[in-house]
Amino acid sequence: MLKLIKFTPEVECRSLSEVEDKCMFIQRTEDCSNAEGLINYLSFLYCNSDASLFTGGIFLLSIWILFLFSGLATAANNLFCPALQVMAEKMKMSDNVAGVTLLALGNGAPDIFSSLAGIRQGRAELAFGELFGAGIFCTTIIAGSISFIKPFPVMQRPFLRDCVFYLAAVYFVFWVFYHRYVHLGHAIGFIALYIFYVLVVIVGRLLNSRNRNICSVENQIAVSENGSMEATDENETGVINAPNEDSNDNCDPPNPDSLLVNDTEQLIPHSSSSQETPGAESDEVPSNIDGEFHVPQAVSLWSNLKEELVDLRTNLQPFSTEEWIGMRWFTRLLSVLETPFYIILRLSIPLVSKDHPRQGWCRSLTCVQLAVTPTWIVWAIGYGNVVIAKFLPLPLMIFIIGVSLGLLLAIFSNRKKPPKGHWMFSFLAFAVSVIWIDLIANEIMAVLFTFGVVFQLSDAILGLTILAWGNSVGDFAADISMARQNAPRMGFSACFGAPLLNTLLGLGISFSIVCSQIGESIPVTFTKLSLIMSVFLALSLVTVFIYLPINGFRANKWLGIVQFGVYSIFVTMAILIELELL
Numbered sequence: 011m012l013k014l015i016k017f018t019p020e021v022e023c024r025s026l027s028e029v030e031d032k033c034m035f036i037q038r039t040e041d042c043s044n045a046e047g048l049i050n051y052l053s054f055l056y057c058n059s060d061a062s063l064f065t066g067g068i069f070l071l072s073i074w075i076l077f078l079f080s081g082l083a084t085a086a087n088n089l090f091c092p093a094l095q096v097m098a099e100k101m102k103m104s105d106n107v108a109g110v111t112l113l114a115l116g117n118g119a120p121d122i123f124s125s126l127a128g129i130r131q132g133r134a135e136l137a138f139g140e141l142f143g144a145g146i147f148c149t150t151i152i153a154g155s156i157s158f159i160k161p162f163p164v165m166q167r168p169f170l171r172d173c174v175f176y177l178a179a180v181y182f183v184f185w186v187f188y189h190r191y192v193h194l195g196h197a198i199g200f201i202a203l204y205i206f207y208v209l210v211v212i213v214g215r216l217l218n219s220r221n222r223n224i225c226s227v228e229n230q231i232a233v234s235e236n237g238s239m240e241a242t243d244e245n246e247t248g249v250i251n252a253p254n255e256d257s258n259d260n261c262d263p264p265n266p267d268s269l270l271v272n273d274t275e276q277l278i279p280h281s282s283s284s285q286e287t288p289g290a291e292s293d294e295v296p297s298n299i300d301g302e303f304h305v306p307q308a309v310s311l312w313s314n315l316k317e318e319l320v321d322l323r324t325n326l327q328p329f330s331t332e333e334w335i336g337m338r339w340f341t342r343l344l345s346v347l348e349t350p351f352y353i354i355l356r357l358s359i360p361l362v363s364k365d366h367p368r369q370g371w372c373r374s375l376t377c378v379q380l381a382v383t384p385t386w387i388v389w390a391i392g393y394g395n396v397v398i399a400k401f402l403p404l405p406l407m408i409f410i411i412g413v414s415l416g417l418l419l420a421i422f423s424n425r426k427k428p429p430k431g432h433w434m435f436s437f438l439a440f441a442v443s444v445i446w447i448d449l450i451a452n453e454i455m456a457v458l459f460t461f462g463v464v465f466q467l468s469d470a471i472l473g474l475t476i477l478a479w480g481n482s483v484g485d486f487a488a489d490i491s492m493a494r495q496n497a498p499r500m501g502f503s504a505c506f507g508a509p510l511l512n513t514l515l516g517l518g519i520s521f522s523i524v525c526s527q528i529g530e531s532i533p534v535t536f537t538k539l540s541l542i543m544s545v546f547l548a549l550s551l552v553t554v555f556i557y558l559p560i561n562g563f564r565a566n567k568w569l570g571i572v573q574f575g576v577y578s579i580f581v582t583m584a585i586l587i588e589l590e591l592l
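So the mapping is simple: our numbering equals the position in the sequence shown, first residue as 1, plus 10.
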């Protein structure tokens, strides 16, 4: 169930360092109890362990938050996004509309849910720090690294559009937080600005497509009038194919690199398990038991059981041996961190994706999910203690129904071919993924709150460092990998389109929900560190906005060096302000 805490607690938990009996203070101070975290980490450190084990507890929490970040990324990228892709297809949404709505929401899920968790716990400064901190990191470190590794020409109009809208969003958020109160109208305004951006993207894409068609017809008429092969060759290498992708001619090809106007398959991060494995390939070959051979019933049952177990193992395996050999060291590290959460999430979240063998269908795993997932949902939303008719616990009743449905599915479905209604599991995957992402985001907030109390760090510095880096490390690895594979534009565009989405929808959705529930405006803090983040985010955008036109819209190593310098100065000033030295 959704819980809200007081936005202005009577006694702040950060006063913990001033008392001697810390355990008693934690137990009696309302602000020290996590609003939605499953574990009270402060009690774990100060009440349930020996004082000599305090350092070990901090180390365990550091490892735990790494696993939480990996779980957040896994749930969003490998399970939530594919479900949204299938939902968009079944709802017959065009690629443009799906790209800037459902699929963009999937890509920004970690930041959006982190913001929602922070604001629900009365820590809007943490959400502000994470969104602006991640924005500065993306536009300086990630964009600068791409420019430094692989210089390339930038598509003019999409970049200028995203940069202008991002600057407008930064100013709007700065203006709202500067006045220290967020009203429901402000929250709706954030969402409205993003809707306006979506309309600009769609209309621009339609106009470009129309201009290309007109130019194509004109070129064909010119070729037919000239009647020469020379004219044909000239057109094929000129306007139609447009090798100069940086041109502003109306007959340019569509921009394939802006984050929010890519085809749907470019927007979805592909799971490492999306490639077929030997176990999956063998499923396409009919076994003898399905043919004309007559075998004993016991052998047939044993063969089916073995095949089901192999199928289950293959679908729970996050990567194959061949994929592991081809990974770089940082990709291996991320894959190892993701493995525990991937297995747990796959046991509860159905996978429906065209990028996987049999569209993600696994009969044995789906049967397990039907039995486990509904029961887990009942517990996760806060109804685990409900009793029906004073003797039947609600989770037990749901479990019995789920097991029955799983048995029916096992009897009437084919192991090697997904059923006709398999796509409907994408809606279940969407719902369960949302619950998982929300739970993980709440735990991340609880751990960060603990770090803030223990080390006396502000929410803003935690947001712009640990939370921003944790939510951005996956994007950094993916964008750098694309740059090394001669595809730098897509990653560069994502450095501006993705933070824009996360900022507007992260704050808009979160404040809309909380303002509607409490029925009043939400007080927020605006500190010197908040001002520094606003200034440097705007500075990073203005720097790129000025540098690229001067350099002929070509991103090169010098742009990377400049952006690295901007981020270094920003982090230095943020630390000095946190230490009260500036």
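Idealized CB from N, CA, C, for every residue including glycine.
Counting only runs that start and end within the segment 79-163, where is the alpha helix (DSSP H) found for 4 or more residues in a row?
91-100, 105-110, 112-117, 119-130, 134-147 and 153-159
Contact under 8 Å by Cβ, PHE123 with ILE447:
Their beta carbons are under 8 Å apart, which means PHE123 touches ILE447 by this criterion.
Through-space distance from LEU343 to LYS567, alpha-carbon basis:
If you take the alpha carbons of LYS567 and LEU343, they lie about 28 Å apart.
Give me the Cα-Cα distance between TRP433 and ALA565, rounded to the nearest whole angstrom.
42 Å
Starting from the N-terminal side, write out each stretch of the alpha helix (DSSP H) that is 4 residues or longer and does not extend beyond the segment 534-583.
538-560
Please list, in chain order, all residues of the same chain as ILE372 whose beta carbon is under 7 Å from its beta carbon, the five residues on each side excluded.
One point to set straight first is that residue 372 is Cys, not Ile, in the sequence displayed. The residues are ASP321, LEU322 and ASN325.
Do three or more CB pairs link the segment 408-416 to the segment 349-369 at distances below 8 Å?
no
Closest Cα partner of HIS189 within the set VAL397, VAL581, MET583 and PHE536
PHE536
Which residue wins for smallest C-alpha separation from CYS148, given the options ALA584, ILE585, GLU590 and TYR577?
TYR577
Exposed unless 16 or more other CB atoms sit within 10 angstroms - verdict on SER544
buried
So, with DSSP's three-state summary, where would you put PRO429?
Reduced to three states, the DSSP call for PRO429 is coil.
Let me check understanding here. Comparing Cα to Cα, which of VAL210, TYR181 and ARG133 lies closest to LEU170?
The shortest Cα separation from LEU170 among VAL210, TYR181 and ARG133 belongs to VAL210.
From the DSSP output, in three-state form, read off LEU402 for me.
strand
List the whole-angstrom C-beta distance separating ALA85 from LEU355, where the pair is believed to meet the contact cut-off of C-beta under 8 Å.
Indeed they touch by this definition, with Cβ atoms about 6 Å apart.
Based on Cα-Cα distance, which residue from GLY81, GLU22 and LEU141 lies nearest to ALA470?
LEU141
Is it right to say PRO559 is buried, meaning 16 or more other beta carbons lie within 10 angstroms of its own, or is it exposed?
exposed
MET455 to GLY66, Cα distance in whole Å?
Looking at the two C-alpha atoms, the distance is approximately 20 Å.
Taking just the CA atoms, how far does GLY575 sit from ILE146?
12 Å
Please report how far the alpha carbon of ALA441 lies from the alpha carbon of LEU48, in whole angstroms.
20 Å
Assigned secondary structure, ILE585 (DSSP; H/G/I helix, E/B strand, else coil)
helix
For MET101, the nearest candidate out of MET337, PRO161 and PHE437 (CA to CA):
With distances taken between Cα atoms, MET101 lies closest to PHE437.
Below 8 Å, how does it come out for the segment 130-140 and the segment 471-483: are there three or more Cβ pairs, yes or no?
yes
Does the contact criterion of 3 or more C-beta pairs under 8 Å hold for the segment 489-501 versus the segment 170-180?
In this structure the segment 489-501 does not touch the segment 170-180; the number of beta carbon pairs closer than 8 Å is below three.
What whole-angstrom Cβ distance do LEU94 and GLY116 have, given they're in contact under 8 Å?
4 Å
Please check the pair VAL382 and ILE408, which I expect to be a contact at CB under 8 Å, by giving their CB distance rounded to whole angstroms.
With a Cβ gap of about 10 Å, VAL382 and ILE408 do not count as contacting.
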